[in-house]
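Notes follow the structure.
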Amino acid sequence: MTRADFDALKKAVEDLHHCEASYLSTEHVRESFEGNPVWDGGVSIFAVTGHPAANMCYAWSDDAPGSPASDGRNLYAVLQLEPIKSARDAVMAAIAVRCRSETQPRLLA
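Okay, so the sequence shown: first residue is 588 according to this note's numbering, each after it adds one.
Structure representation (structure tokens):
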């Protein structure tokens, strides 16, 4: 991870959750669904201060081609709140949300 990647994750945690973040460590998470890999990479763990309910946050990024807002990356910042207790839980929750949003019908205006 480059310094720019790290700074983007820290900023995502702070901006999304309106708190201050301090890097603690990185944990490798490998997750698959029905035998297919859906995530294999590092998840940065941040201590957070100033949030009313959480004291930790898990953050990572993945490729998002054609997404200029984040330089071609999706940024994730998941607070350690029930039922999220680990980096793996955070990744699984983000995958579940993404899968649900991809299968929801879209309204056309």
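Beta carbons are placed, not taken as given, at the ideal position from N, Cα and C, and that holds for glycine.
Computed from a prediction, not measured in an experiment: that's the story for all the values here.
> Distance, Cα to Cα, I632 vs H615?
Replying inline: Each residue's Cα considered, the two are about 11 Å apart.
>> Along the chain, where does the alpha helix (DSSP H) containing H604 start, and where does it finish?
In response: H604 -> alpha helix (DSSP H) spans 590-604.
>> Less than 9 Å between the beta carbons of S609 and V635, yes or no?
In response: Their beta carbons are under 9 Å apart, which means S609 touches V635 by this criterion.
>> Check for me: the beta strand (DSSP E) holding I632 runs from which residue to which?
In response: Counting along the chain, the beta strand (DSSP E) containing I632 begins and ends at 623-636.
> Quick one: Cα of E618 to Cα of G628, how far?
Replying inline: CA-to-CA, the gap between E618 and G628 works out to about 9 Å.
> Any idea which residues DSSP pairs R660 with across the strands?
Replying inline: D650.
> So what does DSSP say about A608, is it helix, strand or coil?
Replying inline: Three-state DSSP puts A608 in a strand.
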